[in-house]
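There are 2 protein chains.
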Amino acid sequence: MLFARPLAELIAELEKLPGVGPKSAQRLAYHLLRVPDHEAARLADSIQHAKQKLRFCSACQNISEHEVCEVCRDTRRDLALLCVVAEPKDIAAMERIHEYRGRYHVLHGLLSPMDGVGPEQLRVKELLNRLAESEVQEIIIATNPTIEGDATALYLAKLLKPIGVKVTRLAHGMPVGGELDYADSATLLSALEYRREM
Amino acid sequence: MLFARPLAELIAELEKLPGVGPKSAQRLAYHLLRVPDHEAARLADSIQHAKQKLRFCSACQNISEHEVCEVCRDTRRDLALLCVVAEPKDIAAMERIHEYRGRYHVLHGLLSPMDGVGPEQLRVKELLNRLAESEVQEIIIATNPTIEGDATALYLAKLLKPIGVKVTRLAHGMPVGGELDYADSATLLSALEYRREM
Numbered sequence: 001m002l003f004a005r006p007l008a009e010l011i012a013e014l015e016k017l018p019g020v021g022p023k024s025a026q027r028l029a030y031h032l033l034r035v036p037d038h039e040a041a042r043l044a045d046s047i048q049h050a051k052q053k054l055r056f057c058s059a060c061q062n063i064s065e066h067e068v069c070e071v072c073r074d075t076r077r078d079l080a081l082l083c084v085v086a087e088p089k090d091i092a093a094m095e096r097i098h099e100y101r102g103r104y105h106v107l108h109g110l111l112s113p114m115d116g117v118g119p120e121q122l123r124v125k126e127l128l129n130r131l132a133e134s135e136v137q138e139i140i141i142a143t144n145p146t147i148e149g150d151a152t153a154l155y156l157a158k159l160l161k162p163i164g165v166k167v168t169r170l171a172h173g174m175p176v177g178g179e180l181d182y183a184d185s186a187t188l189l190s191a192l193e194y195r196r197e198m
Numbered sequence: 199m200l201f202a203r204p205l206a207e208l209i210a211e212l213e214k215l216p217g218v219g220p221k222s223a224q225r226l227a228y229h230l231l232r233v234p235d236h237e238a239a240r241l242a243d244s245i246q247h248a249k250q251k252l253r254f255c256s257a258c259q260n261i262s263e264h265e266v267c268e269v270c271r272d273t274r275r276d277l278a279l280l281c282v283v284a285e286p287k288d289i290a291a292m293e294r295i296h297e298y299r300g301r302y303h304v305l306h307g308l309l310s311p312m313d314g315v316g317p318e319q320l321r322v323k324e325l326l327n328r329l330a331e332s333e334v335q336e337i338i339i340a341t342n343p344t345i346e347g348d349a350t351a352l353y354l355a356k357l358l359k360p361i362g363v364k365v366t367r368l369a370h371g372m373p374v375g376g377e378l379d380y381a382d383s384a385t386l387l388s389a390l391e392y393r394r395e396m
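Going down the list, the sequences are from chains S and H.
If you read the first sequence in the working numbering, its first letter stands for residue 1, the second for the next number, and so on.
If you read the second sequence in the working numbering, its first letter stands for residue 199, the second for the next number, and so on.
In structure tokens form, the structure reads like this:
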């Protein structure tokens, strides 16, 4: 007997979370036992609440509290621009720069044949359905500069160009503030390829 | 608008956990949205369940599902030995060595005047009440080999010796500055064997 049963169960559940090992799970469990009841209840409730209230926006597939998400309902958004991202968290990253004023489409993953992820597993069909009756003129592909991100970007470009829409992709290059000396060759090569006239 | 409200609330609650920063909180939240409903519900329920079902053992102050914990109810335990630890997790560490057969007392903290923790904030009164009518012959102080652990051990030794009970402390075979909870069983076992009267 190392732990009382409800404590052992809580530790076991916490251990299932990504990046939480046995030690962290123990620490989190003891923390939750220490905090006031209402504080632990708030965490438990927010988990249940999020699971119950959140769904995918019927337009962009982002996580949303409503049938159509806030971004898609925002009439000030530029309907000619559509940014395709892999995950909902990527929208948060784009929004943080306060510059992009178009809308989004979330693929919910990237092509990865090794993991059995093909176009059918992504929200590609939903993207095509959207484009059929939209004013979109440019699609900005904002997938990560990784093997999967590159493959997905290439696949989408081939699929979307015949529709007659402009397809662009976020530039790969030196991170701002970075040092040439420390950049890896692949990044430097991309920076060279994406170079622009000043 | 970066996140739908229930998602933002979930992230905010997760961020309150120790060692969980904004990025980890986001990752955990997205993970919970991805897993099946019943799995997220199990985590939420186990938090609530643990808070509702667990209390402090009326004898040793350990976290327990019952009025008196399993260790204190175990009749095979040696009633002459009492091991004083700072936290409930330290009992788990001691039990893992499978050598100590006495009972425990949990202080729920260590003396730390800087943080305003004096003897009144610890379960010292409960320890004295227990000793008044017990068969305890030796008290093994198993506080961490840290400044606070040393101060607490010295304080308890001064307090307990006049009662006529033998007071010992785990040997400093443990790396100084380390934590009981992180010590390997072999180190902890030798620390138990080399304990010395104070």
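Where a beta carbon is used, it is the ideal one built from N, C-alpha and C, also for glycine.
What residues from chain H crowd round residue i, counting only those whose CB sits closer than 8 Å?
{"i": "H31 (chain S)", "result": "L215, P216"}
{"i": "L10 (chain S)", "result": "S244, I245, H247, A248"}
{"i": "A142 (chain S)", "result": "Near A142 (chain S) there are no residues of chain H at all, since even the closest Cβ is about 16 Å away, more than 8 Å."}
On the three-state DSSP scale, how would you describe residue i?
{"i": "C72 (chain S)", "result": "helix"}
{"i": "R225 (chain H)", "result": "helix"}
{"i": "D115 (chain S)", "result": "helix"}
{"i": "A59 (chain S)", "result": "coil"}
{"i": "I338 (chain H)", "result": "strand"}
{"i": "A278 (chain H)", "result": "strand"}
{"i": "V165 (chain S)", "result": "coil"}
{"i": "R196 (chain S)", "result": "coil"}
{"i": "Y353 (chain H)", "result": "helix"}
{"i": "A303 (chain H)", "result": "The amino acid at residue 303 (chain H) is misidentified as Ala; the sequence shows His. Strand, per DSSP."}
{"i": "S262 (chain H)", "result": "strand"}
{"i": "V322 (chain H)", "result": "helix"}
Can you list the residues of chain H that residue i reaches, using a CB-CB cut of under 7 Å?
{"i": "D37 (chain S)", "result": "K249"}
{"i": "E13 (chain S)", "result": "R240, L241, S244"}
Closer than 8 Å, CB to CB, is residue i near chain S or not?
{"i": "E295 (chain H)", "result": "Looking at the sequence shown, residue 295 (chain H) is not Glu but Ile. It does not; no Cβ of chain S falls within 8 Å."}
{"i": "Q319 (chain H)", "result": "no"}
{"i": "S383 (chain H)", "result": "no"}
{"i": "E324 (chain H)", "result": "no"}
{"i": "A202 (chain H)", "result": "yes"}
Can a CB atom of chain H be found closer than 8 Å to the CB of residue i?
{"i": "K89 (chain S)", "result": "yes"}
{"i": "S190 (chain S)", "result": "no"}
{"i": "L28 (chain S)", "result": "yes"}
Using a C-beta to C-beta distance shorter than 7 Å, which residues of chain S count as neighbours of residue i?
{"i": "L205 (chain H)", "result": "A50, L54, I63"}
{"i": "Q335 (chain H)", "result": "Those do not exist, as Q335 (chain H) stays about 24 Å from chain S at its closest Cβ, beyond 7 Å."}
{"i": "S222 (chain H)", "result": "G19"}
{"i": "A349 (chain H)", "result": "Per Cβ cutoff of 7 Å: no residues; A349 (chain H) is ~22 Å from chain S at best."}
{"i": "A290 (chain H)", "result": "L2, F3"}
Could you name the residues of chain S that residue i contacts, counting a contact when the two beta carbons are closer than 8 Å?
{"i": "L305 (chain H)", "result": "None at all; the shortest Cβ gap to chain S is about 14 Å."}
Strictly below 9 Å CB to CB, what residues from chain S border residue i?
{"i": "A239 (chain H)", "result": "I47, Q48, K51"}
{"i": "L277 (chain H)", "result": "By Cβ distance, chain S contributes nothing, its closest Cβ being about 18 Å from L277 (chain H), past 9 Å."}
Give a yes or no on whether 8 Å exceeds the smallest Cβ distance from residue i to chain B.
{"i": "G116 (chain S)", "result": "Included in the structure are the protein chains S and H, with no chain B among them."}
Selection of the segment 258-273 of chain H by Cβ proximity to chain S, strictly under 9 Å: N260, I261, S262, E263, H264, C267, E268, V269, D272
At least three beta-carbon pairs within less than 8 Å, the segment 134-150 of chain S to the segment 165-183 of chain S: yes
Touch test, the segment 23-34 of chain S against the segment 233-243 of chain H, Cβ-Cβ under 8 Å, three pairs minimum: no
Sufficient close CB pairs (3 or more, under 8 Å) joining the segment 111-122 of chain S to the segment 247-263 of chain H: no
Are at least three pairs of beta-carbons, each pair with one atom in the segment 70-85 of chain S and one in the segment 288-300 of chain H, less than 8 Å apart? no
Would the segment 248-258 of chain H count as touching the segment 347-362 of chain H if we require 3 or more Cβ pairs under 8 Å? no
Count the C-beta pairs between the segment 122-130 of chain S and the segment 97-110 of chain S that are closer than 8 Å, then say yes if the count reaches three, no if not. yes
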